[in-house]
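J.: Chains as they are written, first to last, in this note's numbering: chain Z, -6 to 286; chain X, 19 to 818. Cβ atoms here follow ideal geometry from the backbone N, Cα and C, with glycine treated the same way.
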């Protein structure tokens, strides 16, 4: 499936800011056999005085921009064309959680794709005993790692209600979990915490969803802004599996990957700081349009 | 301990009476055989040869120095309890030079090893790849900063200044208790302890063959200067600011080494380079000695909530435009778990065993280690593998001697099984004792020493001395130190005379005359506001004094003048019903706060005088009553505050910093006088208003001498607004403001006056063309507004 993606983020400062700097995770990734970035461009208005595009630790595309002049608002626009392959369902390798634990203990790699990064608590995903208890309950009877991921993910979808008013980007996962309400970020980070508590490496995927569903299919939640879902490591053969707990499905041809991280804090679409502190507001409009082949 | 008894007989009774090593713990004064260790004899003889009273008089001199210097630290154990006095134990810890050499060799080897380990953790990760360090241990460590993986440091080195906490174990050997690689503190305190112990042992110290500390600092300063970027850039010290427990030390080191003391908000990243905002514009920084934990250094890529950091710093680091001392991310080596791997890593990377062992540590990720820790839990502490705390400072989730911490459910075996990979077991540490002074006697106190190493152009140098911490009681288990105690100087004593040394240049070096360094904008801002607050406080004192002396004369607060004065004060948040109004204490508090940010630019005497003023206000507040009592209290405070102003204005070097302080003072004084005259020198002012102005303007004598008539509107305005010779008049201060502005950086642009200089000239002229008759209420208000606008323009030009 090919998509044209446009995303416009407007960043408005409450009072004009000097020395604003931003780091962006917006550009879709190039993933061999899965996702091909045909073309892509991130542009700004006004033009930043310094700009640098680089790759971060996890292999994501990062744009850094600095504004030395005083600015009151900044528009950040992404244009990208992406080709996404439909994914085969994940392969069950029959690995138990105990066997996974033993494998990970002797793991000797800390490269970008290593599961070692995704087991310990991370800034936005602390280990929460309440979520751990929920995870144990949800996973009861699941014999393999993959089956555990499936059960926990579907259980979160069943128990939680999508509600864009219930939480903000800063809401701690425990609060969202206790309300059983939230948006894709909350669903995702709760599932990450749950899987990690069971010893399964789990991380955060940020990306885009196609805006309008194929004919006859329901519209997916999270399509009007950036979306998030979970990746879990199910052993050397099965590898990384991506599950979208908000929509109760494995990520497929409708999911465009932008960035991988331990949690939201690693992949924030636009993270900003300015010299004189003051508030800011952001607004994002996303459009993901399939192209006729 | 037969020898020990002989020793005692040789001493006059008292000093060593009852001094005995604690069971199972070695002692620094006597070795296991009861022999006095080399290096101590002459110090003990000196102590024995003087009376308790003589010695304590000398010790008091050391303590006095620390108080005068304002050495303090903050304690945050139970919330901020404010600055504390420095608890120096007067008797130093003595280590003889031969033993020190072997300590130095062990620590130098360790510093080199740590450099190799951290370099690998941030580049190829061979140690993990080959299974020498578990991947999960590094990946789960919050000090392993992923944005810096692959970023080679500009200097090629990760570590430049490290410290090791060491203690002597029961076997008599020195052991490393912990590695400090993040931003080790204590070296400045060690220096201050040395200055104090020199005072305490003045005559004796000179010939005691004690190794000097200055050479170490000079070598490190020189090597920092050598690290500067080839196309320029300065060296700065980055502090989290006055609310940090060790801020005093940051300011002290900055002053001692002659380096800029910076806070995160002084810095920004412009075109990829780290710069400091100064009153002379942006200046590049290419070496930053950080006293700030790495996580807080850049809110854009690290801890988002950080108010202490500099957005974009990491991009300047990655571009190799700045050398961080130490590299951001080096703090990972402080994790306890690394101690478990160091012995093997040493053999692997250097082919040698560790010359100085570290305390035995087992990472509980392995089943075998878990079994060992469980079986020996009685002589271990078990705690978080990632914790960077020293064994002296346990946290709440620590099992000590097999006793489970509160809040951790289940048995020790369950805990180890469930959380093994995030736990370590460490042998419980027992420390040696060293003599501490106690009412004329020496008593043994457990202690550990922090030793500092600096990378210089010729390799690691070890500071010949250190920072010793002593426990308050006799419990030799290491944790006792946390419960509070004292600190002590460490003397490395040679057999023969040592080289004399100080930070001053050698005599054969050429004399260079330098102007003071550049002034960061934030420091300028603090100096400016210090000038304003001190002047504002003085003005409040004068007004309160005038109010209360009149009140005590008439015993009636309902006179028109007092009513108006009380309203005037009320508009300034000063409540005259309070004998010593809270607003005065707050204003002085603001002055102390501003001064606190620029302690590196301040004389010790001026700081002491300002703190004294604040203390006096604090002690007076509850008891001062309105009326005569308050009037005389203000007299006392006025003498104290003018003492501070005198110290500053008599002693401060006439350069940019002083100009901002002076500008603040003159602006505040001119504004206050203009406001006072607007109300009390008005034609409609209540009776007594003119006299009030002259009195608040401290110009009673001048008025009498100049006009030989009673006060009138004309004489009052002439003397207090227009007289260029009266240091209380508006004209005098506007003249001063204009002069100072013309001497600031950038006052001339291409041979023409800057916009700010032109504004100052306009203000000066506007006032100069007035006569007492034309300078009426409206004209005074216009002058006030013009002064106020000028302050905004100063801030726009230099501060923001």
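So, does the CB of residue 156(X) fall closer than 8 Å to a CB anywhere in chain Z?
T.: Along the second chain, read from residue 1 onward, the residue named residue 156(X) stands at position 138. Residue 156(X) counts as touching chain Z.
J.: Would residue 273(Z) pass as an interface residue toward chain X - the criterion being a Cβ-Cβ separation below 8 Å?
T.: To locate residue 273(Z), count along the first chain from 1; it is residue 280. It does not: the Cβ of residue 273(Z) has no partner Cβ on chain X nearer than 8 Å.
J.: On the DSSP letters alone, give me the boundaries of the beta strand (DSSP E) that residue 444(X) sits inside.
T.: Translated into positions along the second chain, residue 444(X) becomes position 426. Run containing residue 444(X): 441 to 445, per the beta strand (DSSP E) assignment.
J.: Is there a Cβ of chain B sitting closer than 8 Å to that of residue 203(Z), yes or no?
T.: Of the protein chains in the structure, Z and X, none is chain B.
J.: Tell me which residue opens and which closes the beta strand (DSSP E) that residue 583(X) is part of.
T.: One-based indexing of the second chain puts residue 583(X) at position 565. Where residue 583(X) is concerned, there is no enclosing beta strand (DSSP E), although the alpha helix (DSSP H) it sits in stretches over 578 to 589.
J.: Please check if any C-beta of chain Z sits within less than 8 Å of the C-beta of residue 330(X).
T.: In the second chain, the residue the question calls residue 330(X) occupies position 312. It does; some Cβ of chain Z falls within 8 Å.
J.: With a threshold of 8 Å between beta carbons, is residue 318(X) in contact with chain Z?
T.: Start at 1 with the first residue of the second chain, and residue 318(X) comes out as number 300. Output row for residue 318(X): interface = yes.
J.: Determine, using beta-carbon pairs with one atom in the stretch 346 to 356 of chain X and one in the stretch 128 to 144 of chain X, whether at least three such pairs fall under 8 Å.
T.: yes
J.: Check residue 319(X) in the structure and name its three-state DSSP category.
T.: The count along the second chain starts at 1 and reaches residue 319(X) at position 301. Looking at residue 319(X) - three-state DSSP - the assignment turns out to be coil, as it is neither helix nor strand.
J.: Quick check: what's the CA-CA separation for residue 122(X) versus residue 162(Z)?
T.: Taking the first residue of the second chain as 1, we reach residue 122(X) at position 104. Taking the first residue of the first chain as 1, we reach residue 162(Z) at position 169. Taking the straight line from one Cα to the other gives about 51 Å.
J.: I want to verify the contact list: residues of chain Z whose CB lies under 8 Å from the CB of residue 14(X), in sequence order.
T.: No answer is possible for residue 14(X): the residues shown for chain X start at 19 and end at 818.
J.: Does the CB of residue 189(Z) have a neighbour CB from chain X at under 8 Å?
T.: Numbered from 1 along the first chain, position 196 holds the residue referred to as residue 189(Z). Cβ-Cβ to chain X under 8 Å: no for residue 189(Z).
J.: Kindly indicate which residue of 579(X), 765(X) and 462(X) has the alpha-carbon position closest to the one of residue 41(X).
T.: Counting from 1 along the second chain, the entry for residue 41(X) is found at position 23. The shortest C-alpha separation from residue 41(X) is found at 462(X).
J.: Is the stretch 373 to 389 of chain X close to the stretch 433 to 448 of chain X, with three or more CB pairs under 8 Å?
T.: yes
J.: Closest to residue 249(Z) by C-alpha separation, out of 166(Z), 280(Z), 143(Z) and 7(Z), would be which residue?
T.: Here residue 249(Z) refers to the residue found at position 256 of the first chain. Nearest of 166(Z), 280(Z), 143(Z) and 7(Z) to residue 249(Z), Cα basis: 280(Z).
J.: Quick one, which of 759(X), 748(X), 631(X) and 658(X) has its alpha-carbon nearest residue 681(X)'s?
T.: The sequence position of residue 681(X) within the second chain is 663, counting from 1. Out of 759(X), 748(X), 631(X) and 658(X), the CA that lies nearest to the CA of residue 681(X) is found in 759(X).
J.: Considering only the alpha carbon of each residue, which of 131(X), 764(X) and 803(X) lies closest to residue 781(X)?
T.: The count along the second chain starts at 1 and reaches residue 781(X) at position 763. Taking only the C-alpha atoms, the option nearest residue 781(X) is 803(X).
J.: Taking Cβ-Cβ distances below 8 Å as the criterion, which residues of the stretch 41 to 67 of chain Z are in contact with chain X?
T.: 42, 43, 45, 49, 50, 51, 57, 59 and 61
J.: How big is the Cα-Cα spacing for residue 37(X) and residue 460(X)?
T.: Counted from its first residue, the second chain places residue 37(X) at position 19. Counted from its first residue, the second chain places residue 460(X) at position 442. Cα-Cα distance, rounded: 7 Å.
J.: Specify the secondary structure class of residue 733(X) as computed by DSSP and reduced to three states.
T.: As a position in the second chain, residue 733(X) is number 715, starting the count at 1. DSSP places residue 733(X) in helix when its eight states are reduced to three.
J.: In chain order, which continuous runs of the alpha helix (DSSP H) of length 4 or greater are located wholly inside the stretch 178 to 228 of chain Z?
T.: Runs found: none.
J.: Quick one: complete alpha helix (DSSP H) runs, 4+ long, within the stretch 363 to 417 of chain X?
T.: If you keep only unbroken alpha helix (DSSP H) runs of at least 4 residues inside the stretch 363 to 417 of chain X, you get 385 to 393.
J.: Indicate the three-state DSSP secondary structure (helix, strand or coil) for residue 485(X) in the structure shown.
T.: The sequence position of residue 485(X) within the second chain is 467, counting from 1. If DSSP states are grouped into helix, strand and coil, residue 485(X) belongs with the strands.
J.: Would you check if the distance between the CB atom of residue 635(X) and the CB atom of residue 592(X) is smaller than 8 Å?
T.: Here the question's residue 635(X) lines up with position 617 in the second chain. Here the question's residue 592(X) lines up with position 574 in the second chain. The answer is no: Cβ separation not under 8 Å.
J.: Assuming residue 58(X) contacts residue 482(X) under a Cβ cut-off of 8 Å, what Cβ separation, rounded to an integer in Å, is found between them?
T.: Here residue 58(X) refers to the residue found at position 40 of the second chain. Here residue 482(X) refers to the residue found at position 464 of the second chain. Going by Cβ atoms, the distance from residue 58(X) to residue 482(X) rounds to 17 Å, so no, they are not a contact pair.
J.: Identify each residue in the stretch 81 to 102 of chain Z for which the Cβ-Cβ distance to at least one residue of chain X is less than 8 Å, and report them in chain order.
T.: The residues in question are 97, 98, 99, 100, 101 and 102.
J.: Please list the segments of the alpha helix (DSSP H) lying wholly inside the stretch 93 to 167 of chain Z, counting only runs of 4 or more residues, in order along the chain.
T.: 122 to 132 and 138 to 152
J.: Counting only Cβ pairs nearer than 7 Å, list the residues of chain Z close to residue 153(X).
T.: Within the second chain, residue 153(X) is the residue found at index 135, counting from 1. Chain Z residues near residue 153(X): 100, 101, 102, 103, 107 and 109.
J.: By Cβ distance below 6 Å, which residues in the same chain neighbour residue 277(Z) in space, the five residues on each side in sequence not counted?
T.: The residue labelled residue 277(Z) in the question sits at position 284 within the first chain. Cβ within range, chain order: 2 and 218.
J.: Identify whether residue -3(Z) lies in helix, strand or coil by the three-state DSSP scheme.
T.: Your numbering for residue -3(Z) matches position 4 in the first chain. It is a strand residue.
J.: Evaluate residue 130(Z) with the Cβ neighbour count: other Cβ atoms within 10 Å of its Cβ, from every protein chain shown; 16 or more gives buried, anything less gives exposed.
T.: Residue mapping note: residue 130(Z) aligns to position 137 of the first chain, counting from 1. Burial call: exposed.
J.: Excluding five sequence neighbours on each side, which residues of the same chain lie with their C-beta closer than 8 Å to the C-beta of residue 539(X)?
T.: What you label residue 539(X) is simply residue 521 of the second chain in a count that begins at 1. Once the five neighbours on either side are set aside, the close Cβ partners of residue 539(X) are 284, 295, 296, 297, 816, 817 and 818.
J.: For residue 338(X), report the span of its alpha helix (DSSP H) as first-last.
T.: The count along the second chain starts at 1 and reaches residue 338(X) at position 320. That residue, residue 338(X), is in no alpha helix (DSSP H); it is neither H nor E in DSSP.
J.: Am I right that residue 623(X) and residue 665(X) are in contact with their C-beta atoms under 8 Å? What's the rounded C-beta distance?
T.: Reading the second chain from its first residue, position 605 is the one you call residue 623(X). Reading the second chain from its first residue, position 647 is the one you call residue 665(X). The pair is a contact, with the Cβ atoms about 5 Å apart (cut-off 8 Å).
J.: In the DSSP assignment, the beta strand (DSSP E) including residue 275(Z) goes from what residue to what residue?
T.: Stepping through the first chain from its first residue, residue 275(Z) is reached at position 282. 273 to 283 is the extent of the beta strand (DSSP E) around residue 275(Z).
J.: Quick check on residue 220(X): buried or exposed, where buried means 16 or more other Cβ atoms within 10 Å of its Cβ?
T.: Within the second chain, the letter at position 202 stands for residue 220(X). Classification for residue 220(X): exposed.
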